[in-house]
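*Asks:* Mapping of the sequence shown onto this note's numbering: residues 117 to 214, in sequence order.
Take a look at this one; I'll ask things after.
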Amino acid sequence: MYLIYGESFRLIDDEIKKIIRNEKNIVSLDLSIVTLEDVLTEATYVSMFEEKKILVVKNANFFGTGKETEENIERLLQYMENPVSLTTIIFTTYEKID
């Protein structure tokens, strides 16, 4: 699991490319459109055709000033304690991190 903070889209994108390398099963999600619950649900699904899966989660503003429900934060903490080993989550945000 990664958290990338930056003020430059290009620098964030460069860091994502370093992590992704040649992986093929990449899912991009935007927290301004989907919920954290949707992200965690996707993270727990195991792909039938690819072994590894990378979730790129944009606008993860709840690490800074953004709001998220206590229930979803608790689910994230539970997931972090026992993550799916074949899933990598990359959270990105442009806002400062608390």
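For glycine and all other residues, C-beta sits at the position ideal for the given N, C-alpha and C.
If Leu-202 and Lys-174 are in contact, beta carbons under 8 Å, what's the gap, nearest whole angstrom?
*Replies:* For the purposes of this step, residue 202 is identified with residue 86 of the sequence shown, where counting begins at 1. For the purposes of this step, residue 174 is identified with residue 58 of the sequence shown, where counting begins at 1. The pair is not a contact, with the Cβ atoms about 22 Å apart (cut-off 8 Å).
*Asks:* Would you mind sorting Ile-135 into buried or exposed? The rule is 16 or more other CB atoms within 10 Å of its CB.
*Replies:* Reading the sequence shown from its first residue, position 19 is the one you call residue 135. When all chains shown are included, Ile-135 counts as exposed.
*Asks:* Pick helix, strand or coil for Ile-213, following the three-state DSSP scheme.
*Replies:* Taking the first residue of the sequence shown as position 1, residue 213 is located at position 97. Ile-213: coil per DSSP, three-state reduction.
*Asks:* Taking 8 Å as the cut-off, decide whether the C-beta atoms of Ile-206 and Leu-171 are in contact.
*Replies:* Against the sequence shown, residue 206 aligns to sequence position 90. Against the sequence shown, residue 171 aligns to sequence position 55. In this structure, Leu-171 lies closer than 8 Å to Ile-206 by Cβ.
*Asks:* If you draw a straight line from the alpha carbon of Met-117 to that of Thr-204, how long is it in whole angstroms?
*Replies:* As a position in the sequence shown, residue 117 is number 1, starting the count at 1. As a position in the sequence shown, residue 204 is number 88, starting the count at 1. Cα to Cα, the separation comes out at about 6 Å.
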